[in-house]
Amino acid sequence: MGKTVVTAPQLPAGLELLSDHQVVGGDHFMDRAELSEQIRDADALLSSLSDPLDAQLLQEAKNLKVIGQCAAGFNNIDVAAAKKAGITVTTTPGVLHEATADLAFTLLLQVTRRTSEAERLVRAGKSWRYDHTFMLGMGLQGDTLGIVGLGQIGEAMARRGAAFGMNILYSAHSDKDTSRIGGNVRRVDNDELIASSDVVSLHCPLTEETRHLIDADALKAMKQSAYLVNTARGACVDEQALVRALKEGQIAGAGLDVYEDEPKISPELLEMENVVLLPHIGSATRQTRDKMSALTARNILAVLSGEKAETPL
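Here you go:
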């Protein structure tokens, strides 16, 4: 049986499918040294976003046939080096978009209605009373939600916004089928989206084109009353520029699930009441993670059996 190296804790749904194989790991996070040692004679690698799978590491994996990435993104993998070495790379699209959109819309509601700020006040035992001027947030009906990247997650987010009565702007390389979204939906370029939206929500992959897509200029172009939501990749936002924009009141607030150098977060963000911070849990429901784990395992088994993976790059 082939050897599969599992770099991080995994749910049973995937590990059980691999039970006839030699599985190493799956109950802890492997550091670089352990991964480098284990990958040398591995046939398959079940990886996560936190694993930097660069060309140097892949060169050590002489027997490696498949990298099963248990995520939709793959910016941690040197895909060109993998392909050059004849290694198939697979991901998990199509199973996490609803959960991630739920989380993105949760951030949107938290930051616009100030619920996290209000809960902190209550838990701190601070004095409060019902007051027509207290903890005023932003309503959504009639406001504009800007979706950067209308893939599966972006579309799911747009559907949620439309259900709340929001107008939807989206930016993408081409026109998309928006019939499932409902409501008022329009494609625009990034500049118009950023300038016109009351909430800008990022759902694009991290590429050289999208790295620091939200930079100092973009933040200055946003409405002063607007909010930024990021559940895509941390480096899509220039984090220090965001800190400055929030400190200077250029935008109203932000809801973040991803960070430029995670798990490190700017200490200044931690001090801001108008920022909601989550620890990269976009797809973290048991049902979704089970589906991701099982799909990754099926991809690995298919490649090791000489068949085509379900979701190869």
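Using full-length UniProt numbering, read the sequence shown as starting at 1 and increasing by one per residue. We put the CB at the ideal spot given by N, CA and C, even for glycine.
Through-space distance from Ile251 to Leu278, alpha-carbon basis
Taking the first residue of the sequence shown as 1, we reach residue 278 at position 278. Taking the first residue of the sequence shown as 1, we reach residue 251 at position 251. If I take the Cα positions, the gap works out to 19 Å.
DSSP puts Val199 in a beta bridge; with which residues?
Here residue 199 refers to the residue found at position 199 of the sequence shown. Answer is Leu145, Tyr227, bridged to Val199.
I need the straight-line Cα distance from Ala284 to Pro9, nearest angstrom please.
As a first step, residue 284 is located in the sequence shown; it is residue number 284 there, counting from the start. As a first step, residue 9 is located in the sequence shown; it is residue number 9 there, counting from the start. Spanning the two alpha carbons is a distance of roughly 13 Å.
Distance cut-off 7 Å: Glu192 Cβ against heavy atoms of the ligand GDP:
Only the bare structure without any ligand can be found here, which leaves the ligand GDP out of the picture.
Enumerate, from N- to C-terminal direction, the unbroken beta strand (DSSP E) stretches of 3 or more residues contained entirely within the stretch 260-296.
As far as the stretch 260-296 is concerned, its whole beta strand (DSSP E) runs of at least 3 residues are 275-277.
Is Thr91 helix, strand or coil by DSSP?
Reading the sequence shown from its first residue, position 91 is the one you call residue 91. In this structure, Thr91 counts as coil in the three-state DSSP scheme.
Starting from residue 314 and walking both ways along the alpha helix (DSSP H), at which residues does that stretch end?
This structure gives no information on residue 314, because the portion of the chain shown stretches from 1 to 313.
I'd like to know whether the C-beta atoms of Ser36 and Gly68 end up nearer to each other than 8 Å.
Locating residue 36 in the sequence shown gives position 36, where the first residue counts as 1. Locating residue 68 in the sequence shown gives position 68, where the first residue counts as 1. No.
Could you tell me the boundaries of the alpha helix (DSSP H) in which Leu103 lies?
For the purposes of this step, residue 103 is taken as residue 103 along the sequence shown, with counting starting at 1. Element bounds for Leu103: 97-113.
Among the residues of its own chain, which have a CB less than 8 Å from the CB of Glu60, if the five just before and after it don't count?
Numbered from its first residue, the sequence shown carries residue 60 at position 60. Answer for Glu60: Ser36, Ile39, Arg40, listed in chain order.
Could you pull the DSSP bridge partners for Pro312 from this structure?
Counted from its first residue, the sequence shown places residue 312 at position 312. The partner list for Pro312 (beta bridge, DSSP) reads Thr90.
Which two residues bound the contiguous beta strand (DSSP E) that contains Gly154?
The residue given as residue 154 occupies position 154 in the sequence shown. Here Gly154 belongs to no beta strand (DSSP E); instead the alpha helix (DSSP H) covers 152-163.
Looking only at its chain, what residues have a beta carbon closer than 7 Å to the beta carbon of Ile77, apart from the 5 residues adjacent to it on each side?
Here residue 77 refers to the residue found at position 77 when the sequence shown is read from its first residue. Same-chain partners within the cutoff: Leu53, Ile67, Gln69, Val89.
Cβ pair Arg114, Gly139 closer than 8 Å
As a working note, residue 114 is residue 114 in the sequence shown. As a working note, residue 139 is residue 139 in the sequence shown. Contact annotation: Arg114 and Gly139 have beta-carbon atoms that are not nearer than 8 Å.
Arg233, enclosing beta strand (DSSP E) - first and last residue
Locating residue 233 in the sequence shown gives position 233, where the first residue counts as 1. Looking at the DSSP string, Arg233 is not in any beta strand (DSSP E), and its letter there is neither H nor E.
Which value, in whole angstroms, describes the spacing of the CA atoms of His28 and Phe134?
Translated into positions along the sequence shown, residue 28 becomes position 28. Translated into positions along the sequence shown, residue 134 becomes position 134. Rounded to whole angstroms, His28 to Phe134 spans 46 Å at the Cα level.
Ends of the alpha helix (DSSP H) at Ser36?
Numbered from 1 along the sequence shown, position 36 holds the residue referred to as residue 36. Note, Ser36: alpha helix (DSSP H), 32-39.
Verify whether the separation of the beta carbon atoms of Tyr227 and Gly249 is less than 8 Å.
Taking the first residue of the sequence shown as 1, we reach residue 227 at position 227. Taking the first residue of the sequence shown as 1, we reach residue 249 at position 249. Taking 8 Å as the Cβ cut-off, Tyr227 and Gly249 do not qualify as a contacting pair.
Compare the C-beta of Glu192 against all C-beta atoms of chain B and say whether one is closer than 8 Å.
The question asks about chain B, but that chain is absent: this structure has only one protein chain.
Taking the continuous beta strand (DSSP E) assigned at Lys3, which residues delimit it?
Here residue 3 refers to the residue found at position 3 of the sequence shown. Residues 3-6.
Cβ neighbour criterion (16 or more within 10 Å) applied to Asp257
Taking the first residue of the sequence shown as position 1, residue 257 is located at position 257. Under this definition Asp257 is a buried residue.
For my contact list, Gly234 and Ala99 are in at a C-beta cut-off of 8 Å; report their separation, rounded to the angstrom.
By 1-based counting over the sequence shown, the position of residue 234 is 234. By 1-based counting over the sequence shown, the position of residue 99 is 99. 19 Å between Cβ atoms; not a contact.
For Tyr170 and Arg187, believed in contact at Cβ under 8 Å, the rounded distance
Start at 1 with the first residue of the sequence shown, and residue 187 comes out as number 187. Start at 1 with the first residue of the sequence shown, and residue 170 comes out as number 170. About 6 Å separates the two Cβ atoms, so the contact holds.
For the beta strand (DSSP E) containing Gln56, list its first residue and its last residue.
Position 56 of the sequence shown, counting from 1, holds the residue named residue 56. Where Gln56 is concerned, there is no enclosing beta strand (DSSP E), although the alpha helix (DSSP H) it sits in stretches over 55-59.
Please name the residue in Pro12, Ala44, Asp31, Ala13 whose C-alpha comes closest to that of Gln22.
Along the sequence shown, read from residue 1 onward, the residue named residue 22 stands at position 22. Of the listed residues, the one whose Cα sits closest to Gln22 is Ala44.
Where the beta strand (DSSP E) through Ala254 begins and ends:
Translated into positions along the sequence shown, residue 254 becomes position 254. 253-256 is the span of the beta strand (DSSP E), which, as asked, contains Ala254.
Option in Met272, Ala309, Glu209, Ala232 with minimal Cα separation from His97:
Residue mapping note: residue 97 aligns to position 97 of the sequence shown, counting from 1. Out of Met272, Ala309, Glu209, Ala232, Ala232 has the C-alpha closest to the C-alpha of His97.
Looking at C-beta atoms only, is the number of pairs between the stretch 167-185 and the stretch 142-158 that lie closer than 8 Å three or more?
yes
What residue range does the beta strand (DSSP E) around Leu46 cover?
Along the sequence shown, read from residue 1 onward, the residue named residue 46 stands at position 46. Unbroken beta strand (DSSP E) run through Leu46: 44-47.
Is Leu11 near Ser293, with beta carbons less than 8 Å apart?
As a working note, residue 11 is residue 11 in the sequence shown. As a working note, residue 293 is residue 293 in the sequence shown. Contact: yes.
What does residue 345 pair with, by DSSP beta-bridge criteria?
One cannot answer for residue 345 here, as it falls past the ends of the chain, which runs 1 to 313.
Three-state secondary structure (DSSP) of Ile194:
Locating residue 194 in the sequence shown gives position 194, where the first residue counts as 1. If DSSP states are grouped into helix, strand and coil, Ile194 belongs with the helices.
What residue range is occupied by the uninterrupted alpha helix (DSSP H) comprising Gly68?
Sequence index remark: in the sequence shown, residue 68 carries index 68 (1-based). First-last for Gly68: 66-69, but that is the beta strand (DSSP E), not the alpha helix (DSSP H).
Given 8 Å as the limit, is there contact between the stretch 239-247 and the stretch 210-220, that is, 3 or more CB pairs closer than that?
yes
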